[in-house]
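In our numbering, the protein residues as written are 450 to 659. Note that beta-carbon positions come from the ideal geometry of N, C-alpha and C, so glycine has one too. Reviewing the structure listed below.
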């Protein structure tokens, strides 16, 4: 897994997208699913899935969640591997996973660098992410993201402009945040000096049986 120290430029040189691609292909083939079948179930193009599987494209968060829905798996199964299924530990308060600075699973895209925290915890109710916001204008950002669940974004460093499908853009500074329905189109831009850094807590969409 990639190592990234938030609020610094330290990063291991390894690309994580090839690891995600390998797991995507493995999960798809384990379910005896063709590229076309997964594309239809996940609402992601065949060419995009093929590029991800071959390590030529880093999937954005919304694409990852769509693929997970199409495969019937949780996000941790695709991002970090491990056992699948919906079982959770039944003992109250038994889930415990410390996070140490720079650890996690890193996926880099043109708009964001995503660092998935505590990736070893499977079947999460929530998905904690530290993201570096790189996009600086809505034209270069492209289409707004849509995915299941809800999310809370908290600005750790810099200034973020939040764009959404139904509301006017909102400017957030360090210490500010926003809660939103992730199914609504949304995107974050860095509008201050340099790239912004945010903490994003996403709820895990319910996996539909297929």
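If you draw a 10 Å sphere on the C-beta of residue 645, you find 16 or more other C-beta atoms in it, and that means buried. For the set 633, 518, 516, 591, the Cα lying nearest the Cα of residue 558 is the one of 591. Straight-line spacing of the CA atoms in residue 519 and residue 643 works out to 36 Å. Between residue 612 and residue 638 a beta carbon distance of about 7 Å is seen, short of the 8 Å cut, so the two are scored as contacting. By the criterion of at least three beta-carbon pairs nearer than 8 Å, the segment 490 to 501 is in contact with the segment 509 to 526. Membership of residue 497 in the alpha helix (DSSP H) is indicated by the continuous run 495 to 502.
Residue 589: member of the alpha helix (DSSP H) spanning 587 to 590, first to last residue. The segment 576 to 583 and the segment 614 to 621 do not touch, with fewer than 3 CB-CB distances between them shorter than 8 Å.
Under the criterion of beta carbons closer than 8 Å, residue 606 and residue 620 do not qualify as touching, at roughly 15 Å. Fewer than three beta-carbon pairs drawn from the segment 540 to 556 and the segment 493 to 503 are found closer than 8 Å, and the two stretches are therefore not classed as touching.
In this structure, the beta-carbon distance from residue 570 to residue 647 does not fall below 9 Å. Contact between residue 608 and residue 652 does not hold, since their C-beta atoms are separated by about 26 Å, which reaches or exceeds 8 Å. If you look at residue 491, you'll find it isn't in any beta strand (DSSP E); it sits in the alpha helix (DSSP H) that goes 484 to 491.
Distances from the CA of residue 650 to each of 527, 567, 471 were compared; the closest alpha carbon is that of 567.
Residue pairing of residue 577 in beta bridges, as defined by DSSP: 650.
From the listed residues 636, 468, 471, 505, the smallest Cα separation to residue 561 is found for 636. Proximity to residue 526 across 481, 552, 471 peaks at 471, based on C-alpha coordinates.
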